[in-house]
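Residue numbers (full-length UniProt numbering), protein chains in the order written: chain C, 1 to 410; chain L, 1 to 410; chain A, 1 to 385; chain S, 1 to 385.
Think of the CB as a built atom: it goes at the ideal place given N, C-alpha and C, for glycine as much as any other residue.
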Ligand code: SRM
Ligand code: SRM
Ligand code: SRM
Ligand code: SRM
Ligand code: SF4
Ligand code: SF4
Ligand code: SF4
Ligand code: SF4
Ligand code: SF4
Ligand code: SF4
Ligand code: SF4
Ligand code: SF4
């Protein structure tokens, strides 16, 4: 990017940069600038950007052999006095992002010795990000592989997987998110498509253990969300105790259920939940756990096509059906079924969701050959309000046959 | 329209037409065909259309002097054996569409003598439609004027007004819909724009006495709907009686209020309604009338831009604010304010709602110089989900000043 | 120039409007105008209106033939009944039913008997079928695609019990329109049936000239100034140069079948083979329940085969049945669908395919589609979950 | 060729993934894996996880600097604390906070004390600010428009009490992204702040060549095959012939500022004068309340002035205040807005103008806009009525 107009001369620019940086070190919230000062990160570049109100970084091309994804490198723009460069690796995070102190110390050691002593604890996709200098890039890859992880996850490829902490710490986990995380990584196809960017655009996979969706599966290109069938499970006895103890107000519980599925039988002192109506809001469960728990018949809901922007703007995922908690292999197969038509047909820089919008979800499902339990009858994202359309003959035939079937019945 | 393929020869065509017509005379529902038989309407034309599955009518040009709207004339298409012609007038209906028998007999007389003895009791816009023959057209206009009504309401003009029966029969009427109907017709500007089609497209005005919207004001280019401010009025005593008598179940009343505005105080046996939340669904009123009635502070809500299709498809009206029940003169002025920018700027065949969609409702309101009580703060039909836009400097300034104001406050 | 001094024909420019309430309203109505304090429903079709003055008016709602088409002969008979058993007045409702006014329940019941003898049903109000609104279509209309009055007749035959006596969960109204103009009242109603071409129209070259500027002018005027080009919302109608001639061309791929061209020029034609109706459900105009809204396309196309229209009747009856069996008391079809969710509703109806045109449209057709509501997208996702 | 027999560098194509749970998870976690039966919240930031085995793990959530940027030096100190007071492990959350794991409430409270001494807050969970997610922006990113980490710092300073102790109606999370890529996580969150150019980008003629085929090829390849033309969703980027040269041209009127061009080519530039942020409210990802949904634009543009960003901070604090004072207990911002209605919400916020870009767009820009949700159009009409 070109130099912004009215940039002060070099000296003054650097002074003003330092001034702004200092101001960012005050206040109650932890300061990234204070942390940066403890590293070899070229802080003046950042400061100059803040004065110029333009990103101070331009693309550079640091190449690491056989590393096509996960490495990003920058040069300071020519208007940054003194220049500077910056490279960083996107590193696969541990399952659940647990860091035993011995492992953590290995990371900080690598960062200090081969990087610049600066770490982004987790990127928004789920990677551990390590800043470094170009010279040590090769060595850092080796060091990371040594301790059991690796570099990858950028470009038009499968990105860093992300899973909520799930059964490792959470009482709500409805399937084993961390096992799924591990099994996906172990799959050869996943590996290949992390290594080589050859898709129309990036592809993100996310695993949430329950409908609270802590892993933000709703915004993944494909997301897996733990759910259950029917009503939450009520332990009437324990609930009775909670009510007596004043911890739970059953009337409020019923009133606040967003789907109106709960009724409180005052006489029998029984809470009844209509499973067909429950929308899995987790409200009653959060309020009365463990007297109310997710139901026992557990499923993994699959959503596809979420993303922050792409061609057609912000979108959340479309629900396409359920898998069983033990069907991780099928989940991987499904993922590549989903990828199939998109990879083959989508225009460049169409996210999966854009491609689906273009094609129509039902057509997409047909093309991808997806068959799942609980696949919604209506796969359309938007029903039509306009009663006229040009319709191919096959489509007309299908509606006709629906009516003909009814003719017999009614 | 061209002749459909595979049309049988003349004789057979007419036979098959008659056959279909006969079939339309059976069954429990009153038959239009049976009625048509009692008139001089050229029934074979209709029958042939049904066989051909194409409208048998093409446009004709019957001209009646100084009659630019309200007259429609057709010739049978050239593939209709025997031909035929059809003309009809759209006639202004009486207020509330009441027909005293003396008046009704005058209408049937005119229809029999100058028409073909066939009447459409009311068109979907609100006109009384009389079929006739071209020769008697002039005479029929005179005869209608004689009995106190007239012909008008087609083309790119103001159309037949429509008002619900309102205070003439209905206990819910919140303003005098029939008086408004009459006052609008009396206005010179309304007359002029009924007479001469010169708008970008048709313009429809509808009056409903209450939110039940029997006159379908929601689909008018402009619609006036009686409402009240705050909560419905509760006569606790009468309500108590109804409850005792088992006519009203107060718990259900509260549960079924779609805005959750109602609470039933079991102890005090009092029904409380939160006026700020009431959405004027009429539910409680319908269920417990007259123990619950519309509130006393009555208003006329104005909605604009509804319509069945236009350029951008089906739309209901946008709410733009309130008038008082006695402000019929202001309502007429408002109507022409609304028409102003649309008439001046809209592309041909843009309904008012299309024009508003194009311009943005807020811009439209500004342009039309509309100031109404209760004008919604948000006049946007659709808030944006996309966080980027090209914004003119003035717009930016306005948002900046909003923030600057807050800087002092928080 | 005053109206009086005008040539009598020119004076027609000053319309005679029926604005005098005193003149047109029945006396008993005038006397109690604005004083109605309560009403009672006496079975389907009869309302007792109770005035503060103590007066009562009873109205008997009589179902009219499709498109409210009636002969002068029959109307006179109704006038006779209104004179002998009523208060000498009838009224026509919004929806084209006929109300006969009287002053006692007794007489009202007698009126009911009389009109039923004539072959007309009495019914409507409350939790019933209030009627079927039909546009005029093949009876008089040049742009009609299918014939709404005969479709309405077939539907009326099938649903008559719901008008006369059988209970439904709530009000049911049906609009049947012969073409996308939707003169029966748009789509914001419980069930809307709309005729449509099914395929892009064809231009009749022999006559299209009548809707265009003369050839020489056509070659000079900017395309955007040509009326038919302006009218088409998608750019499907466009000018193409062919040798030294400029022609109006219809690009089928861009056409969305909206019929605006046809409405403005008789030179657009269609093939009855492709013709059908769309069935939309779940709209309403009234502010009850969850408020006014547009209906959605349930079935985008069915053939319209006179005189029985079996396919259309089967689908409508089936939808009514699903609603009747599953809705809560008082719940309009729209509110019912809203509550259970669209997906669930489709499942109940047993429809495996849904019309999601918007998402299928190729890029180039987007211009027109911007206005289309996405409605409760995420809500529905949730419904499904 | 097996990985072993490969050249060690080529073997890098077979990634080493951290998939061994035994190796990476703390022992105490492994022991109780999948056996958690309950949890207790001990004030902001501390959860007691209760296992069926009787074991407990306490987690202390420590707020990290913007963009979760931390020095190796500081991290080592946290490791020391985890060793001395914890069970020798920490974890990083989804959102970039650091949880230190221990086995008693006592130790947890001590850990809290220690990290607070270091200048780091403990907090989050339940009805509080859970944190602010920031993308990297000026720290490393070439496409950044504004600097999200410093905006996040300013917001964190202003809202710190809501993280540490002050109650809110429900969870609050804020995403701050430096440009329309929205790497902080899109817009489906309570409050999203997104950097944007404010005006169409400029093409830097000196460098644009690098993103295009060579001039000769450019003149021959069909326009639709040019990558940058494909990338632009509105057709604002198009090829124009200038004399005998073919040039990539940007039609400002068609541009919607989506930044896709810039994301794919460094030759697009902007003027800091026009730059600002949009503030969106009322999104969420969780299925609670009325479910996941995208946020809406509340303020389409505010200047982003480092280091205090007073305008942005003022608006965010104000929105939080309106929500805090009016929401029901447990009601996320999204559900609150849903309940009171958008119009009413705007009134509460005191915003007189609203961003309704869709309706203003001229015809020619429609191509891109088809996807935009109209949301609760009629619902809102009703809200207003
Ligand atoms: C590092 C990270 C931000 C962070 O600090 O957390 C990031 C940084 C960048 N993102 Fe992102 N994105 C990051 C998570 C996200 C997310 C969040 C997520 O994955 O859930 C999103 C939104 C979700 C989504 O993908 O829809 C996201 C949506 C984008 C987009 C828009 C994609 C789209 O569909 O339109 C772009 C633009 C692009 O791809 O060209 C983008 C592009 C970029 C680039 C590569 C732009 C560039 O070329 O400079 C940024 C590199 C900055 C740098 O120097 O490192 N980034 N990006 C995150 C990746 C680290 C990690 O792997 O954990
Ligand atoms: C007679 C009537 C149907 C009926 O039998 O009830 C009717 C009949 C026609 N309408 Fe209509 N419309 C009639 C009420 C309506 C309504 C209902 C309403 O007003 O509430 C609508 C929908 C509401 C609206 O206006 O949005 C309606 C929306 C249309 C349209 C679509 C307008 C649009 O915005 O797209 C057209 C097409 C046109 O204007 O070019 C149309 C065009 C026509 C034409 C003029 C088409 C034509 O040129 O042949 C029809 C003339 C048929 C004929 O031979 O009489 N008619 N038309 C109604 C008028 C009688 C009356 O004044 O009472
Ligand atoms: C007579 C008529 C108005 C007119 O001026 O002609 C009328 C008059 C009444 N309507 Fe209506 N409605 C009339 C068409 C409509 C329409 C328009 C339509 O049907 O095309 C609507 C809006 C469209 C819709 O349904 O969304 C309409 C929506 C209602 C409703 C709301 C029903 C609902 O459940 O949503 C009620 C309330 C009710 O049924 O309890 C209602 C109730 C009433 C009542 C019965 C008021 C009451 O409950 O006491 C009115 C009786 C007036 C009276 O005292 O004589 N009226 N009503 C119309 C009769 C049409 C017919 O022949 O059947
Ligand atoms: C640790 C973390 C997952 C992880 O693998 O890292 C997490 C873990 C939990 N989340 Fe979450 N959520 C985490 C990010 C999220 C996100 C993503 C985000 O914030 O970006 C979401 C979805 C986004 C959103 O807010 O829409 C999320 C939506 C929830 C909700 C729903 C809140 C609501 O009212 O809508 C709950 C329920 C609650 O708070 O009671 C929840 C509740 C929980 C609880 C506390 C379960 C509970 O109530 O017992 C989990 C504790 C796990 C445990 O036992 O340690 N979690 N949670 C994430 C902590 C982020 C942080 O540092 O603050
Ligand atoms: S998504 Fe559910 S299972 Fe996973 S951490 Fe969040 S609350 Fe626990
Ligand atoms: S999980 Fe939510 S929707 Fe289901 S019963 Fe509980 S509160 Fe209701
Ligand atoms: S709109 Fe209201 S006032 Fe008018 S007839 Fe219908 S119920 Fe009565
Ligand atoms: S009118 Fe409707 S919204 Fe208002 S209080 Fe009565 S039931 Fe509730
Ligand atoms: S809907 Fe179509 S067919 Fe029916 S009257 Fe209107 S224009 Fe004619
Ligand atoms: S006006 Fe409508 S029907 Fe006619 S060509 Fe255009 S899109 Fe097709
Ligand atoms: S949102 Fe924009 S500024 Fe922030 S990291 Fe992503 S691309 Fe860079
Ligand atoms: S890609 Fe987006 S920002 Fe770039 S020119 Fe096109 S519309 Fe404008």
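Span of the alpha helix (DSSP H) around residue 196(A): No alpha helix (DSSP H) contains residue 196(A), which is instead part of the beta strand (DSSP E) from 191 to 196.
Complete runs of the alpha helix (DSSP H) confined to the stretch 217 to 253 of chain C [at least 4 residues]: 236 to 244
Minimum C-alpha distance to residue 330(L) - residue among 300(L), 350(L), 278(L), 308(L): 300(L)
Within the stretch 14 to 84 of chain S, ranges of the beta strand (DSSP E) (whole runs, at least 3 residues): 36 to 41, 46 to 51, 56 to 62, 69 to 71
Stretch pair the stretch 286 to 297 of chain A + the stretch 214 to 223 of chain A: three plus CB contacts closer than 8 Å: no
CA-to-CA distance, residue 234(A) to residue 365(A), given in whole angstroms: Model confidence at residue 365(A) stands at a pLDDT of 22, short of 50, so the residue's coordinates are unreliable; what they give is reported in the following sentence. If you take the alpha carbons of residue 365(A) and residue 234(A), they lie about 6 Å apart.
beta-carbon residue 283(L) near ligand 8 non-hydrogen atom, thresh 7 Å: yes
Simplified DSSP assignment, three categories, for residue 91(L): strand
Beta carbon nearer than 7 Å to a non-hydrogen atom of ligand 7: 164(L), 165(L), 166(L), 170(L), 172(L), 173(L), 174(L), 177(L), 208(L), 209(L), 210(L), 212(L), 213(L), 214(L), 215(L), 226(L)
Endpoints, the alpha helix (DSSP H) within which residue 34(C) is located: 32 to 37
Any non-hydrogen atom of ligand 8 closer than 7 Å to residue 261(L) Cβ: yes
Residue 230(S) at chain C interface by Cβ criterion, 8 Å: yes
One or two residues paired with residue 24(C) in a DSSP bridge: DSSP, once it has assigned bridges, lists no residue as partnering residue 24(C).
Collapsed DSSP secondary structure at residue 57(L) in the structure displayed: strand
Against chain C: residues of the stretch 33 to 49 of chain S by CB proximity under 7 Å: 33, 34, 36, 37, 38, 39, 49
Residue 131(S) versus residue 151(C) - alpha carbon distance: 27 Å
Exposure of residue 8(A), with buried meaning 16 or more beta-carbon neighbours within 10 Å: exposed
Host beta strand (DSSP E) of residue 145(C) (start-end): Note, residue 145(C): premise wrong, no beta strand (DSSP E); alpha helix (DSSP H) at 137 to 146.
Residue 276(L) Cβ short of 7 Å to ligand 3 heavy atom set: no
Helix, strand or coil at residue 269(C) according to DSSP, with G and I counted as helix: coil
Cβ of residue 263(C) within 8 Å of any chain S Cβ: no
Beta bridge counterpart(s) of residue 315(C) as assigned by DSSP: 307(C)
Residue 201(A) Cβ short of 7 Å to ligand 10 heavy atom set: yes
7 Å Cβ cut-off: residues of chain L touching residue 23(A): 148
Assigned secondary structure, residue 111(C) (DSSP; H/G/I helix, E/B strand, else coil): helix
Cross-chain neighbours of residue 154(L) in chain A, by beta carbon under 7 Å: The contacting residues do not exist; residue 154(L) stays about 12 Å from chain A at best.
Distance cut-off 7 Å: residue 97(A) Cβ against heavy atoms of ligand 2: no
Min CB distance residue 307(A) to chain C below 8 Å: no
C-beta neighbour in chain C for residue 288(S), strict 8 Å: yes
Beta-carbon proximity list for residue 374(S), same chain, < 7 Å, skipping 5 on both sides: The predicted position of residue 374(S) is uncertain, since its pLDDT is 24 and thus under 50; no value can be drawn from it.
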